[in-house]
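Residue numbers (the working numbering), protein chains in the order written: chain Y, 1 to 303; chain Z, 1001 to 1111. All residues carry an ideal CB built from backbone N, CA and C; glycine is no exception. Here the structure is laid out as structure tokens; the discussion comes afterwards.
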């Protein structure tokens, strides 16, 4: 008796089988092969870098990491040796953001999938499970009439406290519970420089986040800062109807009610934008690190 | 084809006194060039230098042996070539009393 043929061809590809892509893969970024277009986010400026809005002035560059730990050496990525790495400064509230800039060929369904891991820098020999404030995923999209920005963050801890309290259902001790959040407003638009043609807005302020219903989650942080576990993240976007139908982190699936996003009138020079970004933020005077093993962006578009 | 990558590890930073760049992971690279550019003429006495440092873990650092002078002319960067550096690189140093420079630092890597 012969074994059944794999129904979905990508499941027979060991590099792709961990993803659930839509029909057409727009990009598959395995960071063993470089940064694949993921680059440091920066705000708009004119004449001088001093015109950058303060939150944009010191976002950190992309790194490729082999996850070397001081106590056990190199761990490598989930697949292969290297992962994309974001690292904040050791300043409470500081953020690192990496972005990949694309455009769409057709307004259609788009799916973002990634395998990630977050950790504080293992500078202290303590658990550190509340050192990372948040990590998140976002998109910057524009069609003929509207620019819209879905942005979702996992708030792990704030001011040293678990974002959603302690879960007490694990045997030996309490474990912190975080929560997924969304937002529907950016911050004030500022005119940059003197020409009148440059504006800027900070789209990830600490204020203005709303809890996603059912969005509390206990993550596999593990037990010391040098033990790193990877997890799956997915966001489903409908570019035609400006709808976000699914936010998934491992077994937590959100989006029965459409998820919130920022929306405002279309802006000059941005039609067709299909940008994706990820970020991490520290809650303490310790660097927060986000590792991305791989990313797949896929679409149901016919062309 | 060889891999290459340029990281801007400091951008529009005001340097004075003791300075150090953030740790940067370079395990994949075989060779590097550090470039320093000042965005305006430095204030105070000239003569500042920063040292290249390496690290086994990104936490503890030692001098690699190379050093890099701070530029004096915004149009002329300074640079230093580095090889066989392991997994991490950064710059560290102490500028002369009274010196202040606004810098952009590039780490240009190649496999």
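Item                                                                                                                             : Value
Residues near residue 266 (chain Y) in its chain [Cβ-Cβ closer than 8 Å; skip 5 each side]                                       : 142, 143, 144, 145, 146 and 147
Boundaries (first-last residue) of the beta strand (DSSP E) holding residue 99 (chain Y)                                         : 95-100
Pairwise C-alpha distance: residue 247 (chain Y) and residue 256 (chain Y)                                                       : 10 Å
Residue from Y:290, Y:88, Y:111 and Y:95 whose Cα sits closest to the Cα of residue 274 (chain Y)                                : Y:111
Uninterrupted beta strand (DSSP E) stretches inside the region 144-213 of chain Y (no shorter than 3 residues)                   : 146-149, 151-155 and 178-182
Cβ-based burial, residue 103 (chain Y) [other Cβ within 10 Å; buried from 16]                                                    : exposed
Nearest to residue 291 (chain Y) (by Cα), restricted to the options Y:86, Y:48, Y:57 and Y:164                                   : Y:86
Interface partners of residue 51 (chain Y) on chain Z, CB under 7 Å                                                              : Here the premise fails: no neighbours, minimum Cβ distance about 10 Å.
Span separating the alpha-carbon of residue 254 (chain Y) from that of residue 1022 (chain Z)                                    : 36 Å
Supposed close pair residue 118 (chain Y), residue 135 (chain Y) - CB separation, criterion 8 Å                                  : 5 Å
Cutoff 8 Å: residue 1002 (chain Z) Cβ touching any chain Y Cβ                                                                    : no
Residue-level contact to chain Z via CB, residue 294 (chain Y), 8 Å cutoff                                                       : no
Run of the beta strand (DSSP E) containing residue 297 (chain Y), from where it starts to where it stops                         : 288-299
CA-to-CA distance, residue 206 (chain Y) to residue 113 (chain Y), given in whole angstroms                                      : 25 Å
From Z:1015, Z:1080, Z:1097 and Z:1032, residue whose alpha carbon lies closest to that of residue 1005 (chain Z)                : Z:1032
Near-chain Y residues of the region 1043-1057 of chain Z - C-beta to any C-beta below 9 Å                                        : 1056 and 1057
Under 8 Å (Cβ pairs) to chain Y, residues found in the region 1016-1036 of chain Z                                               : 1022, 1023, 1024, 1025, 1027 and 1028
Among Y:36, Y:204, Y:38 and Y:162, the one whose alpha carbon lies nearest that of residue 153 (chain Y)                         : Y:204
Proximity of residue 227 (chain Y) and residue 131 (chain Y) at Cβ, strictly below 8 Å                                           : no
Where the beta strand (DSSP E) containing residue 248 (chain Y) begins and where it ends                                         : 243-249
Per-residue burial, residue 210 (chain Y) [other beta carbons within 10 Å of its own, 16 or more giving buried]                  : exposed
Cα-Cα separation between residue 223 (chain Y) and residue 250 (chain Y), rounded to whole angstroms                             : 19 Å
Extent of the continuous beta strand (DSSP E) run through residue 232 (chain Y)                                                  : 231-238
Nearest-angstrom Cβ-Cβ length linking residue 1080 (chain Z) and residue 1067 (chain Z), presumed shorter than 8 Å               : 7 Å
Per-residue DSSP class, three states only, for residue 56 (chain Y)                                                              : helix
Any beta strand (DSSP E) of 3 or more consecutive residues that is wholly inside the region 69-129 of chain Y                    : 83-87, 95-100 and 109-120
Distance, residue 258 (chain Y) Cα to residue 244 (chain Y) Cα                                                                   : 6 Å
Separation of residue 57 (chain Y) from residue 191 (chain Y), as counted between CA atoms                                       : 16 Å
Inter-residue spacing [alpha-carbon to alpha-carbon] between residue 108 (chain Y) and residue 237 (chain Y)                     : 8 Å
Residue 33 (chain Y) in three-state terms, based on DSSP                                                                         : helix
Contacts that residue 1007 (chain Z) makes with chain Y (C-beta to C-beta distance below 8 Å)                                    : 61, 62 and 63
Contact set for residue 177 (chain Y): own chain, Cβ-Cβ below 8 Å, skip 5 residues either direction                              : 162, 163, 164, 165, 166, 167, 216, 217 and 218
Chain Y contact residues for residue 1011 (chain Z), given Cβ-Cβ distances below 7 Å                                             : 49
Close-in-space but distant-in-sequence residues of the same chain around residue 68 (chain Y) (CB under 6 Å, 5 per side omitted) : 74
For residue 15 (chain Y), the first and last residue of its enclosing beta strand (DSSP E)                                       : Per DSSP, residue 15 (chain Y) belongs to no beta strand (DSSP E) and is neither H nor E.
Proximal residues of chain Y, C-beta to C-beta of residue 1059 (chain Z) below 8 Å                                               : 70, 121, 122 and 123
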